C-alpha cells in the first residue's frame, strides 16, 4: 500500500517541474526581390528639385527683356542723333542734346555688357541642367526596374487616357470651327512685359514747386508740332489750373524754356470749365481734363480756345469722393483719370452704383465728344494709385513701398479678360507717383512724382 501512494506523488512532482511551451513564433523570410534603393530615389528627387529651382521664368525673361530693350533703344538712338544733327544750334540746346545722347550710349553699353554676361551665364546654366537631367533620367530608368508590378506604367497609361478624355470632352467628337476674332484691339508692339528707367528725370523750370500736375506729348499732333511737349501745373491749392504750358522740344522742357508759352483756358482760377485734378492729357491739339466742380470731362481746343464738355454717367463720383489711394494717403481730386493710347482718349472713373470699382469708357472724338463703349471692372478704385492705357489694355498700379510701384492689374478691352497677376515693377525716385500716362508716340510712360518729371520706357514683346 505505501508503494502505491508514493508513485502518484512523484509523478505529480515531475509534471509540475516541466517548462511551459512558448507562445512566440519567429520566422525568417527570404525575398527573391532586390531591396528598393530609397536613397537613390531621394537623390533623384533632390536633383529634379534643384533643376526646377535653377531654371526659372525670370531668368529666361531677363534675357528676352535685354534683347527687346536693345531692339527698341538702338532705333531711338538713331532718331536722337538725327534730331541733333538737324536742330544743333551750337549752343545750349546742342550741348544738352549731346549730353542726352551720351547718357543713352552709356546705358546701351551697359545693356550690351549685361547681355553678354547673361548670355554666358545662360550657356553655363543650360550645360549644367542638361547634364543633371540626363543623370536623373538614367537614375529613374534604373529605379523603374524595381516596379515589378508595373504600377508606374499603369499610372502613365491612366494619365494618357485621362488627357485624351479631357480633349474629347472639351472639343467634342468633331472639331469645331473657331469663332472669328474681333477686328482691332491687337497691339502692333506685342505684349507689355517690362518697364525700364527712368530715362528722363528733371525738375523743369520750377524745381521743388508744383507737386501736382502732368506732362507729356500729343499722340496725334498737328503738322509741325510733332516734337512739342506740354505741362500742366496745379497752381492753386495743388488742385486747380487754368492754363497749359507748351515747349517746342524735350530739351526745352528740361531746361525750362517755354516756347511758345502758356495757352490760357480762363483768366480766373478756379472757375467754370477750368482744370481740376492732375490727370490731364493732350490729344489732337485738345486738352482733356476733369471740369472744375463737375462730374464731367472738359475738352479745351488749344487753337480755337473753345471748351466742350462730356457729362459722365449719373452717380459718377467727383470732388475727391473717388480718389486713387494707398494705405497711408489718398491723392486729392483724382476721381477722373484721362488716358491716351494708340486708339485715342479714355476716361477712368467710378460710380456709386459700381460700389467704387473702376469703370473705363472710351471717349469718341466729335462735336461734342461722347462716350462709346464702357467696361466695368472688379478692382476697387481706392486700392489703386494710378491707371494708364496701352494698346487697348487698361493697367492699374499700387503702392509697394517708397521705392517701388507695381503694375498689378490689367483689363484687355478686346477680350474683356481681367488679370490680377501682371507683376511688373516701376523703380521710383520719390514716394508718390501723382500722374501717370502712356505715350504711344515713343512707347514711354510719363510720370510726375513729387514735383519731378520722369519718363520710363515701356517694353513690349511679340
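In mature numbering (1 follows the signal peptide of the UniProt record, and there is no 0), the protein residues as written are -18 to -1, 1 to 444. Ideal Cβ placement from N, Cα and C applies to all residues, glycine included. Remember, predicted model here, so these are calculated numbers, not experimental data.
Report the three-state DSSP secondary structure of residue i (helix, strand or coil).
| i | result |
| --- | --- |
| residue 81 | helix |
| residue 142 | helix |
| residue 361 | strand |
| residue 274 | coil |
| residue 33 | helix |
| residue 61 | helix |
| residue 100 | helix |
| residue 339 | strand |
| residue 181 | strand |
| residue 309 | coil |
| residue 284 | coil |
Taking a contact to mean a Cβ-Cβ separation below 8 Å, would you say residue i touches residue j in this structure?
| i | j | result |
| --- | --- | --- |
| residue 363 | residue 339 | yes |
| residue 220 | residue 188 | no |
| residue 289 | residue 318 | no |
| residue 386 | residue 366 | no |
| residue 181 | residue 197 | no |
| residue 118 | residue 29 | yes |
| residue 260 | residue 422 | no |
| residue 352 | residue 269 | no |
| residue 114 | residue 169 | no |
| residue 191 | residue 209 | no |
| residue 416 | residue 331 | no |
| residue 204 | residue 267 | yes |
| residue 271 | residue 253 | no |
Taking all protein chains shown into account, decide if residue i is buried (16 or more other Cβ within 10 angstroms of its Cβ) or exposed.
| i | result |
| --- | --- |
| residue 426 | buried |
| residue 79 | buried |
| residue 215 | buried |
| residue 236 | buried |
| residue 241 | exposed |
| residue 389 | buried |
| residue 21 | exposed |
| residue 298 | buried |
| residue 399 | exposed |
| residue 430 | buried |
| residue 428 | buried |
| residue 333 | buried |
| residue 144 | exposed |
| residue 383 | exposed |
| residue 106 | exposed |
| residue 227 | buried |
| residue 95 | exposed |
| residue 48 | buried |
| residue 281 | buried |
| residue 199 | buried |
| residue 211 | buried |
Can you pull the DSSP bridge partners for residue i?
| i | result |
| --- | --- |
| residue 227 | 213, 244 |
| residue 400 | 393 |
| residue 292 | 279 |
| residue 450 | Coverage of the chain is limited to positions -18 through 444, which leaves residue 450 absent and any answer about it impossible. |
| residue 345 | 327, 353 |
| residue 368 | 379 |
| residue 407 | 388 |
| residue 23 | According to DSSP, which records beta bridges pairwise, residue 23 is partnered with nothing at all. |
| residue 258 | 222 |
| residue 265 | 268 |
| residue 428 | 419, 437 |
| residue 195 | 215 |
| residue 173 | 443 |
| residue 112 | Its beta-bridge partners do not exist; DSSP assigns none. |
| residue 319 | 330 |
| residue 253 | Per DSSP, none; premise fails for residue 253. |
Ordered along the chain, which non-local residues of its own chain (more than five positions away) have a Cβ less than 6 Å from that of residue i?
| i | result |
| --- | --- |
| residue 251 | 218, 222, 224 |
| residue 86 | 59 |
| residue 375 | 392, 394 |
| residue 335 | 297 |
| residue 277 | 294, 298, 300 |
| residue 470 | Only positions -18 to 444 of the chain appear in the structure, and residue 470 is not among them; the question remains open. |
| residue 315 | 221, 258, 259, 302 |
| residue 356 | 343 |
Between residue i and the rest of its own chain, which residues show a CB-CB distance below 7 Å, the 5 nearest in sequence each way excluded?
| i | result |
| --- | --- |
| residue 157 | In this prediction, residue 157 has a pLDDT of 38, which is less than 50 and means its spatial position is unreliable; what the coordinates show is noted afterwards. Here the set comprises nothing. |
| residue 178 | 51, 438, 439, 441 |
Looking only at its chain, what residues have a beta carbon closer than 8 Å to the beta carbon of residue i, apart from the 5 residues adjacent to it on each side?
| i | result |
| --- | --- |
| residue 55 | 86, 89, 90, 93, 439 |
| residue 328 | 320, 321, 322, 342, 343, 344, 345, 371, 376 |
| residue 122 | 26 |
| residue -9 | Residue placement at residue -9 is flagged as unreliable, the pLDDT there being 42, under the threshold of 50; the coordinate-derived value follows with that caveat. Contacts found: none. |
| residue 411 | 180, 183, 431, 434, 436 |
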